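**Student:** Pasting a structure below so you can have a look.
Number of protein chains: 2
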Amino acid sequence: MAQPEYELIYWPKLIGRGEFIRLVFEEAGTAYTDSSRQPDAIPHLISFTSTSNKGDARNPPVLACPILKHGDFYISQLPNILLYLGQQLGLVPDGAATHALFHMNAIALTLLEGLCDEAHDSHHPIASSIYYEEQKDEAARRTREYLSKRLPQFMTYIQRLLEAETSAQHGPWLYGEKLTYIDIVLFQCIDGVEYAFPSAVKRLRESGLYNAVFELHQAVMQRPRIKEYLASERRNKYGECIWRFYPDLQEEVLMK
Amino acid sequence: MAQPEYELIYWPKLIGRGEFIRLVFEEAGTAYTDSSRQPDAIPHLISFTSTSNKGDARNPPVLACPILKHGDFYISQLPNILLYLGQQLGLVPDGAATHALFHMNAIALTLLEGLCDEAHDSHHPIASSIYYEEQKDEAARRTREYLSKRLPQFMTYIQRLLEAETSAQHGPWLYGEKLTYIDIVLFQCIDGVEYAFPSAVKRLRESGLYNAVFELHQAVMQRPRIKEYLASERRNKYGECIWRFYPDLQEEVLMK
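Have a look at this one:
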């Protein structure tokens with residue numbers, strides 16, 4: 001069998017930023033090499049991010065992963081990779097005008113800011129390089145703000161997107177009339193936040209204010225290829241990555 | 001005189017995320033309406049970001065500013081706006097292939113993450129909605145990490161970009177042989193960080209490790225239109241925005 005033309009370079013064994021990219025490949029039914037599953041995953045990754053890597057004639061060096069390699073071209077930065085793959089794999093509206101791509105990119109950036117980056121910073125508000133146990137007090141304070149202000153603010157915005165004329169009128173999708181890569185971004189964001197903060201998400205779910213958001217999450221989860229992927233051993237477990245479950249950071253503990 | 005076709009919607013009176021967009025227009029010599037300078041700046045901005053705004057048939061609603069309006073099309077998210085304007089205003093390499101645009105977008109995202117977003121979070125590690133004075137201890141701890149680890153890490157990466165084959169071989173530019181929008185991003189990032197942390201940046205400058213970075217900052221500052229803009233009353237002052245100078249957050253105080 002030929003080598004797949006796409007390769008994902010990411011840290012092994014985790015659901016992290018790389019997961020968005022895996023889900024996009026899975027939905028598209030596109031073969032890809034997930035080098036995080038190979039024995040040399042970490043040295044391979046470091047060969048890209050090391051300060052001794054100066055890029056090549058075609059590619060500037062990258063700072064961090066995830067990295068997407070497509071033939072001899074490679075790029076970093078999650079929203080950038082998703083924008084590229086969305087177009088490559090047809091996960092943008094059919095005949096999408098340039099304007100639509102910029103709208104979608106704005107939505108992807110906003111979802112990732114609010115439900116991925118800020119979800120991470122809630123348990124690591126001082127620095128990623130310091131253990132959670134050494135920034136527990138600050139994490140508790142930041143998470144209290146996140147759950148009471150930021151998370152509802154982002155959820156309200158997503159619900160607003162789904163009520164807008166630019167979202168699907170005959171389906172659950174965020175932009176245009178079919179599933180696009182930003183729906184997959186939304187799925188993983190909600191899935192991750194629900195893993196990290198189950199009681200807070202339960203409360204949001206039961207409020208009835210964000211029904212369209214949870215329906216979209218469900219609709220993506222039921223896509224045949226996504227469903228099969230989520231049930232497979234290819235789907236990693238949550239762990240020490242972006243979305244983490246800490247008993248001390250649950251809202252019933254923080255609000256006491 | 002005809003109304004300019006572009007409009008920037010941003011908070012008044014500050015150098016913040018909007019400044020990158022202003023600098024791109026200034027370098028390109030393109031007329032733009034800066035609605036932050038108009039008497040109704042704040043109600044105008046809120047008419048976009050309010051939860052009652054559901055977008056229109058052509059545009060999904062936005063969560064936050066900066067917002068760029070171009071005719072009846074509008075978008076949010078700074079790196080997205082810059083990617084759009086870079087192409088619209090010719091601030092990308094001549095005849096740039098799609099691949100080049102994705103490389104540039106990755107670099108812009110990385111610069112903004114390390115020298116804009118993280119510079120902001122150094123003084124507001126708990127929440128933007130809480131006063132600095134109420135998160136001073138956490139800010140001191142986060143800034144110590146930022147100045148000792150993250151800032152040098154990003155500076156090293158930028159120096160590495162400038163030593164790469166993809167950067168200008170006959171000029172100071174980050175990508176290709178002429179100035180592009182990412183050089184302007186770099187300028188404002190360094191300018192902001194130097195305002196916020198003058199002694200730390202002095203030390204980095206004197207280390208000699210990042211000469212190409214500081215030369216690029218200087219080269220952008222000397223562009224005729226940028227130079228004229230920086231000296232004009234159109235250039236706002238630093239203040240309560242992304243990059244802030246707090247005596248307690250200077251490295252000579254933090255490292256004592």
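Heads up: the sequence lines are chains A and B, in that order. So in full-length UniProt numbering, spot 189 of the first sequence is number 189, and the numbers just go up one at a time. So in full-length UniProt numbering, spot 75 of the second sequence is number 75, and the numbers just go up one at a time. Every residue gets a Cβ at the ideal spot worked out from N, C-alpha and C, and that includes glycine. Remember, predicted model here, so these are calculated numbers, not experimental data.
In the DSSP output, what is residue 260 of chain A paired with across the bridge?
**Tutor:** Nothing can be reported for residue 260 of chain A: it is not among the residues displayed for chain A, which extend from 1 to 256.
**Student:** Does Leu209 of chain B come within less than 8 angstroms of chain A when only Cβ atoms are used?
**Tutor:** No, its Cβ sits nowhere closer than 8 angstroms to a Cβ of chain A.
**Student:** So with CB distances below 7 angstroms, who are the chain A contacts of Tyr6 of chain B?
**Tutor:** Simply none; closest approach about 14 angstroms.
**Student:** May I ask which residues mark the beginning and end of the beta strand (DSSP E) holding Thr33 of chain B?
**Tutor:** Segment Tyr32 to Asp34, the beta strand (DSSP E) holding Thr33 of chain B.
**Student:** I want to know whether the stretch 98 to 111 of chain B touches the stretch 46 to 64 of chain A - three or more CB-CB distances under 8 angstroms.
**Tutor:** Output reads yes: the stretch 46 to 64 of chain A touches the stretch 98 to 111 of chain B.
**Student:** Express the C-alpha separation of Leu115 of chain B and Ala168 of chain A in angstroms, rounding to a whole number.
**Tutor:** Answer to the nearest angstrom: the Cα atoms are 37 angstroms apart.
**Student:** Using a Cβ cut-off of 8 angstroms (strictly closer), state whether Tyr181 of chain B contacts chain A.
**Tutor:** Closer than 8 angstroms: no.
**Student:** Using alpha carbons as the reference points, say which of B:Glu215, B:Pro39, B:Trp173 and B:Lys237 lies closest to Tyr195 of chain B.
**Tutor:** Of B:Glu215, B:Pro39, B:Trp173 and B:Lys237, the residue nearest in Cα terms is B:Lys237.
**Student:** Under 8 angstroms Cβ to Cβ from Tyr132 of chain A, same chain only, skipping five residues before and after it: list those, please.
**Tutor:** Closer than 8 angstroms at the Cβ level, and outside the excluded window around Tyr132 of chain A, lie His123, His124, Ala139, Arg244 and Tyr246.
**Student:** Does the stretch 227 to 242 of chain A come close enough to the stretch 28 to 38 of chain B that 3 or more CB-CB pairs lie under 8 angstroms?
**Tutor:** No, the stretch 28 to 38 of chain B is not in contact with the stretch 227 to 242 of chain A.
**Student:** Since Glu194 of chain B is in the alpha helix (DSSP H), which residue starts that stretch and which ends it?
**Tutor:** Where Glu194 of chain B is concerned, the enclosing alpha helix (DSSP H) stretches over Tyr181 to Ala196.
**Student:** Applying the 10 Å Cβ sphere with the 16-neighbour rule, what's the burial state of Thr143 of chain B?
**Tutor:** Classification for Thr143 of chain B: buried.
**Student:** Taking the C-alpha atoms as reference points, what is the distance between His120 of chain A and Tyr146 of chain A?
**Tutor:** So the two alpha carbons sit approximately 11 angstroms from each other.
**Student:** Ser207 of chain B to Glu163 of chain B, Cα distance in whole Å?
**Tutor:** One C-alpha to the other measures close to 17 angstroms.
**Student:** Can you name, in chain order, every residue of its own chain whose Cβ lies under 6 angstroms from the Cβ of Leu14 of chain B, other than the five neighbours on each side?
**Tutor:** Hits under 6 angstroms: Asn236, Gly239 and Cys241.
**Student:** Apart from the five residues just before and just after Leu85 of chain A, which ones in its own chain have a Cβ nearer than 6 angstroms to its Cβ?
**Tutor:** So the qualifying residues of the chain are Val24.
**Student:** Hey, how far is the Cα of Leu161 of chain B from the Cα of Val201 of chain B?
**Tutor:** Roughly 19 angstroms separates the two Cα atoms.
**Student:** Which residues in chain B sit within 7 angstroms of Ile75 of chain A, going by Cβ to Cβ distance?
**Tutor:** Phe102, His103 and Ala106, listed in chain order.
**Student:** Going by DSSP, what residue range makes up the beta strand (DSSP E) through Glu7 of chain A?
**Tutor:** Tyr6 to Ile9 is the span of the beta strand (DSSP E), which, as asked, contains Glu7 of chain A.
**Student:** Answer yes or no: does any C-beta atom of chain B fall closer than 8 angstroms to that of Ser129 of chain A?
**Tutor:** Cβ-Cβ to chain B under 8 angstroms: yes for Ser129 of chain A.
**Student:** From the beta carbon of Arg244 of chain A, is the nearest beta carbon of chain B less than 8 angstroms away?
**Tutor:** Closer than 8 angstroms: no.
**Student:** Compute the distance between the beta-carbons of Ile107 of chain A and Pro66 of chain A, then report whether it is under 8 angstroms.
**Tutor:** No, these two residues do not count as a Cβ contact at 8 angstroms.
**Student:** Once the 5 residues before and after Phe73 of chain A are set aside, which same chain residues still bring their CB inside 7 angstroms of it?
**Tutor:** Cβ neighbours of Phe73 of chain A beyond the five flanking positions: Arg58 and Asn59.
**Student:** Could you tell me whether the Cβ of Tyr175 of chain A comes closer than 8 angstroms to any Cβ of chain B?
**Tutor:** Yes, Tyr175 of chain A counts as interfacial toward chain B.
**Student:** Can you find a C-beta in chain A that's less than 8 angstroms from the C-beta of Tyr32 of chain B?
**Tutor:** Closer than 8 angstroms: no.
**Student:** Just the Cα atoms here: how many angstroms apart are Glu165 of chain A and Ala64 of chain B?
**Tutor:** So the alpha carbons of these two residues sit roughly 19 angstroms apart.
**Student:** Run through chain B and tell me which residues come within less than 8 angstroms of Leu109 of chain A, C-beta to C-beta.
**Tutor:** Correct list: Gln77, Pro79 and Asn80.
**Student:** Tell me whether Met255 of chain A is buried or exposed, calling it buried when 16 or more other Cβ atoms sit within 10 Å of its Cβ.
**Tutor:** With fewer than 16 other Cβ atoms within 10 Å, it is exposed.
**Student:** Does the distance from the C-beta atom of Pro12 of chain A to that of Ile42 of chain A stay below 8 angstroms?
**Tutor:** Against a cut-off of 8 angstroms, the Cβ pair of Ile42 of chain A and Pro12 of chain A comes out as a contact.
**Student:** Can a CB atom of chain A be found closer than 8 angstroms to the CB of His123 of chain B?
**Tutor:** False, the Cβ-Cβ gap to chain A never drops below 8 angstroms.
**Student:** Give me the chain A residues within the contact set of Ala164 of chain B, using Cβ-Cβ distance strictly less than 7 angstroms, ordered along the chain.
**Tutor:** Residues of chain A passing the Cβ test: Lys54, Gly55, Pro60 and Pro61.
**Student:** Report the residues of the stretch 136 to 159 of chain A with a CB closer than 7 angstroms to any CB of chain B, ordered along the chain.
**Tutor:** Under the 7 angstroms Cβ criterion, the stretch 136 to 159 of chain A contributes Glu138, Arg141, Arg142, Glu145, Lys149, Thr156 and Tyr157.
**Student:** Given Phe187 of chain A, which residues of its chain have a CB within under 8 angstroms of its CB, disregarding the five upstream and five downstream residues?
**Tutor:** Closer than 8 angstroms at Cβ, skipping near neighbours: Leu23, Leu216, His217, Val220, Met221 and Ile226.
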